[in-house]
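A.B. asks: Before anything else, here's the structure in question.
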Amino acid sequence: MTIRPILIAPDPKLKAVAAEVDKVDGSIRRLIDDMLETMYKADGVGLAAVQIGVAKRVVVMDVDQKDGNRYPRAFVNPTLTWASEETVVHEEGCLSVPDIWEEVKRPARIICDYLDRDGNAQTQEADGMLAVCLQHEIDHLNGKLFIDHLSRLKRSMSLKKLAKAQKLKEG
Ligand code: NI
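Numbers given in this note's numbering equal positions in the sequence shown, counted from 1, plus 4.
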């Protein structure tokens, strides 16, 4: 397993629309393993392949990790087939938008079809953190960041804050 560098906004590769995976083979499983390792190393709860520069519809997450216990999940070609009219507001962050946390409104409950790491078709019903995370990661596959849900003013403020923080880190 290899830890891969995570792209930081406004990297144009984060705007790529990821391609469907034709077949869940060994190379996809290796990608999943690398993504999980990269996500855990960065203390994240979710990661999309586009965030490490791979424009494929692959997502990993662990919304249940606690006290060193890991509950990794992988979703290949995840597609929302239903979303509730009821919405929730949740504070979101992103490994590609470090140190920025903003409230985003999304459907509270969803149903998502996907392929698991063995290539089997699965359906996931989700609410709470899992629903928020799945929608956030599927957005990544469509070239969208959580700050794109904010008002233009808030988004440009977030990007400025991010650029400043990155400069300080490099400095
Ligand atoms: Ni993200």
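Just so it is clear, CB atoms sit at the ideal spot from N, CA and C, and this is done for glycine as well.
Computed from a prediction, not measured in an experiment: that's the story for all the values here.
Output the distance between the C-alpha atoms of L138 and K27, rounded to the nearest integer angstrom.
C.D. replies: Translated into positions along the sequence shown, residue 138 becomes position 134. Translated into positions along the sequence shown, residue 27 becomes position 23. Their Cα atoms are separated by approximately 21 Å.
A.B. asks: Who pairs with R121 in a beta bridge, going by DSSP?
C.D. replies: In the sequence shown, counting from the first residue as 1, residue 121 sits at position 117. None, per the DSSP bridge assignment.
A.B. asks: Leaving aside the five residues before and after Q126 along the sequence, list all residues of the same chain whose C-beta is less than 8 Å from its C-beta, in chain order.
C.D. replies: In the sequence shown, the residue the question calls residue 126 occupies position 122. The beta carbon of Q126 sits closer than 8 Å to those of D117, Y118, L119, D120, all from its chain and outside the five residues before and after it, given in chain order.
A.B. asks: Give me the residue from L18, S88, Y44 with the minimum Cα distance to K60.
C.D. replies: Indexing the sequence shown from 1 puts residue 60 at position 56. Each of L18, S88, Y44 was checked against the Cα of K60, and the nearest Cα belongs to L18.
A.B. asks: If you draw a straight line from the C-alpha of L3 to the C-alpha of E96, how long is it?
C.D. replies: Missing from the structure shown is residue 3; the chain here goes from 5 to 175 and no further.
A.B. asks: Return yes when at least one heavy atom of the ligand NI lies under 7 Å from the C-beta of L99, else no.
C.D. replies: One-based indexing of the sequence shown puts residue 99 at position 95. In terms of side-chain proximity, the C-beta atom of L99 is found nearer than 7 Å to a non-hydrogen atom of the ligand NI.
A.B. asks: Assuming H94 is part of the beta strand (DSSP E), what are its boundary residues?
C.D. replies: Along the sequence shown, one-based indexing puts residue 94 at 90. Looking at the DSSP string, the run of the beta strand (DSSP E) that includes H94 is 91-98.
A.B. asks: Just list the beta strand (DSSP E) runs in the region 6-52, keeping only unbroken ones of 3 residues or longer that don't cross its boundaries, in chain order.
C.D. replies: The beta strand (DSSP E) runs lying completely inside the region 6-52 and spanning 3 residues or more are 50-52, given in chain order.
A.B. asks: By the three-class DSSP mapping on this structure, what secondary structure does K171 have?
C.D. replies: Within the sequence shown, numbered from 1, the residue matching residue 171 stands at position 167. Of the three classes helix, strand and coil, the one that applies to K171 here is helix, per DSSP.
A.B. asks: Cutting at 6 Å between CB atoms, please list the residues of its own chain near T83, excluding the five before and the five after it.
C.D. replies: Along the sequence shown, read from residue 1 onward, the residue named residue 83 stands at position 79. D117.
A.B. asks: Determine the DSSP secondary structure at A87, reduced to helix, strand or coil.
C.D. replies: Locating residue 87 in the sequence shown gives position 83, counting from the first residue. Of the three classes helix, strand and coil, the one that applies to A87 here is strand, per DSSP.
A.B. asks: If you count every other CB in all the chains shown that lies within 10 Å of the CB of T91, and 16 or more means buried, which is it?
C.D. replies: The residue labelled residue 91 in the question sits at position 87 within the sequence shown. By the neighbour-count rule (16 or more Cβ atoms within 10 Å), T91 is not buried but exposed.
A.B. asks: For E41 and M5, which I take to be in contact (beta-carbon distance under 8 Å), what is that distance rounded to the nearest angstrom?
C.D. replies: Indexing the sequence shown from 1 puts residue 41 at position 37. Indexing the sequence shown from 1 puts residue 5 at position 1. Contact between E41 and M5 holds, with the beta-carbon distance rounding to 4 Å and staying under 8 Å.
A.B. asks: So, helix, strand or coil for Q69, using DSSP?
C.D. replies: For the purposes of this step, residue 69 is taken as residue 65 along the sequence shown, with counting starting at 1. In the structure shown, the three-state DSSP call for Q69 is coil.
A.B. asks: Of all the options N73, H94, R113, L172, which has the alpha carbon lying nearest to the alpha carbon of T85?
C.D. replies: As a working note, residue 85 is residue 81 in the sequence shown. Measuring from the Cα of T85, the nearest candidate turns out to be R113.
A.B. asks: Give the range of the alpha helix (DSSP H) segment to which V58 is assigned.
C.D. replies: For this step, residue 58 is matched to residue 54 along the sequence shown. First-last for V58: undefined, no H or E at that position.
A.B. asks: Grab me the residues of D122's own chain with a C-beta within less than 8 Å of its C-beta, minus the 5 sequence neighbours each way, in chain order.
C.D. replies: Within the sequence shown, the letter at position 118 stands for residue 122. V28.
A.B. asks: How big is the Cα-Cα spacing for P16 and L154?
C.D. replies: Numbered from its first residue, the sequence shown carries residue 16 at position 12. Numbered from its first residue, the sequence shown carries residue 154 at position 150. Approximately 19 Å between the Cα atoms of the pair.
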